[in-house]
Amino acid sequence: MNDTPSTSGGADAPQVVFACVRNGGRSVISRVLTEHYAQGRVRALSAGTQPGEHIHPEVADALERLGLDTSREEPTRLTRETIADSTMAITLGCGEECPYVPGVKYVDWPVADPGGQDPETVRAIVADLDERVRGLLVELVPDLDLGPSVLS
7 MNDTPSTSGG
17 ADAPQVVFAC
27 VRNGGRSVIS
37 RVLTEHYAQG
47 RVRALSAGTQ
57 PGEHIHPEVA
67 DALERLGLDT
77 SREEPTRLTR
87 ETIADSTMAI
97 TLGCGEECPY
107 VPGVKYVDWP
117 VADPGGQDPE
127 TVRAIVADLD
137 ERVRGLLVEL
147 VPDLDLGPSV
157 LS
């Protein structure tokens with residue numbers, strides 16, 4: 007699964023899985039931003055219902071320009087077990103293809119697909135997800151000091 011062992015949350019940290027179709031854009035952006043801001047207090051995973059071969063190069067470029075590392079991001083298949091092990095599943099365009107697991111909170115973020123988009127559009131999608139991730143972290147870890155946005 008796409009997580010960074012050195013910054014993964016402990017056993018009591020909430021786990022969030024970000025799910026989209028190809029696991030090359032929206033879910034990767036969301037996972038990387040969550041890991042950046044959560045300071046190890048939330049474990050973030052990303053996965054896709056039909057994972058592609060690699061993350062979208064325009065997404066990697068946009069995140070790298072913000073100082074966020076994407077070198078270890080690889081598309082991963084979304085499984086029922088991944089969702090079952092999570093506190094929350096954030097869906098980003100996978101709709102009915104995402105497995106449903108009772109007891110897991112699902113939230114759908116209707117965000118455009120950054121794949122194949124120009125840099126300005128990708129940056130706008132990153133900005134949208136940045137705002138959503140920051141709001142999610144305030145909900146999950148109310149005492150977390152988020153610091154400034156990577157877009158500031």
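Be aware that the sequence shown starts at 7, since it is given in the working numbering, and climbs by one per residue.
Where is the CB? At the ideal position from N, CA and C, for every residue including glycine.
Note that the coordinates shown come from a computational prediction; the quantities given were computed from them, not determined experimentally.
Query: Which residues does DSSP pair with Q21 in a beta bridge?; Result: R49
Query: Determine the contact status of L39 and D136, defining contact as a CB-CB distance below 8 Å.; Result: yes
Query: Please report how far the alpha carbon of G99 lies from the alpha carbon of D119, in whole angstroms.; Result: 8 Å
Query: State the beta-bridge partners of I6 as determined by DSSP.; Result: The first residue shown for the chain is 7 and the last is 158, placing residue 6 beyond what the model contains.
Query: By alpha-carbon positions, which one of V23, G31, A19 ends up nearest to V117?; Result: G31
Query: Can you tell me whether R83 is helix, strand or coil according to DSSP?; Result: strand
Query: Starting from the C-beta of T128, find all residues in its chain whose C-beta is less than 7 Å away, skip the five residues before and the five after it, and write them out in chain order.; Result: Residue 128 is actually Val in this sequence, not Thr. Excluding positions up to five away in sequence, the list reads E64, V65, A68, P120.
Query: For R83 versus G58, is the C-beta spacing smaller than 8 Å?; Result: no
Query: So, for F24: in the same chain, excluding its five sequence neighbours on each side, which residues have a beta-carbon less than 6 Å away from its beta-carbon?; Result: S33, S36, R37, S52, I96
Query: What's the gap between the Cα of D9 and the Cα of A50?; Result: Because the pLDDT at D9 is just 44, under 50, the model does not fix this residue reliably, and the value given afterwards should be weighed accordingly. If you take the alpha carbons of D9 and A50, they lie about 6 Å apart.
Query: I'd like the span of the alpha helix (DSSP H) that includes H42, first residue to last.; Result: 32-44
Query: Would you say V113 and Y43 are within 8 Å of each other, going by their C-beta atoms?; Result: no
Query: Could you spell out where the alpha helix (DSSP H) holding D67 opens and where it closes?; Result: 63-71
Query: If I follow the unbroken alpha helix (DSSP H) through A130, where does it start and stop?; Result: 125-146
Query: According to DSSP, which residues form a beta bridge with G153?; Result: Partner(s): none; G153 has no beta bridge.
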